[in-house]
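Novice: Plus 42 on top of the position in the sequence shown (first one is 1) and you've got the working numbering.
From the three backbone atoms N, C-alpha and C, an ideal C-beta is built for every residue, glycine too.
Can you read through this structure? Questions will come right after.
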Amino acid sequence: MELNLLTVGLILVFLGFALAFISVLVMSLGGLRRGKKAKGGGIVMIGPIPIIFGTDKESLKVLMVLGIVLTVILFVFTFVLNRLL
């Protein structure tokens, strides 16, 4: 079965939403059971620019690394793989 780029993109978007939904559920339920506040954050990628927000410094550090990694992956896909095709 051959997948085109549209199908792969839609699958990745669906998996991203599912992962975000599951992580929110896990954090919420874990916080309720332990009686602790949930810590976390998020990252919004608008093109190559990451917008990062969070509740504590540890979350922000992890999200900054993730933002840098995602930006590098974006540039690799955009420039390196585009020249190979």
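The beta strand (DSSP E) that contains Val86, what's its start and end?
Specialist: The count along the sequence shown starts at 1 and reaches residue 86 at position 44. Val86 -> beta strand (DSSP E) spans 83 to 88.
Novice: Give me, in chain order, the residues of the same chain whose beta-carbon lies closer than 8 Å to that of Leu112; leave out the 5 immediate sequence neighbours on both sides.
Specialist: Indexing the sequence shown from 1 puts residue 112 at position 70. Ile85, Met87, Pro92, listed in sequence order.
Novice: Is the beta carbon of Leu105 less than 7 Å from the beta carbon of Gly82?
Specialist: If you number the sequence shown from 1, residue 105 lands on position 63. If you number the sequence shown from 1, residue 82 lands on position 40. Going by C-beta atoms, Leu105 is not nearer than 7 Å to Gly82.
Novice: Cβ of Pro90 within 7 Å of Cβ of Leu116?
Specialist: Translated into positions along the sequence shown, residue 90 becomes position 48. Translated into positions along the sequence shown, residue 116 becomes position 74. Closer than 7 Å, so yes.
Novice: Which residues in the same chain have their Cβ closer than 7 Å to the Cβ of Lys79, if we skip the five residues on either side of it in sequence?
Specialist: As a working note, residue 79 is residue 37 in the sequence shown. So the qualifying residues of the chain are Gly73.
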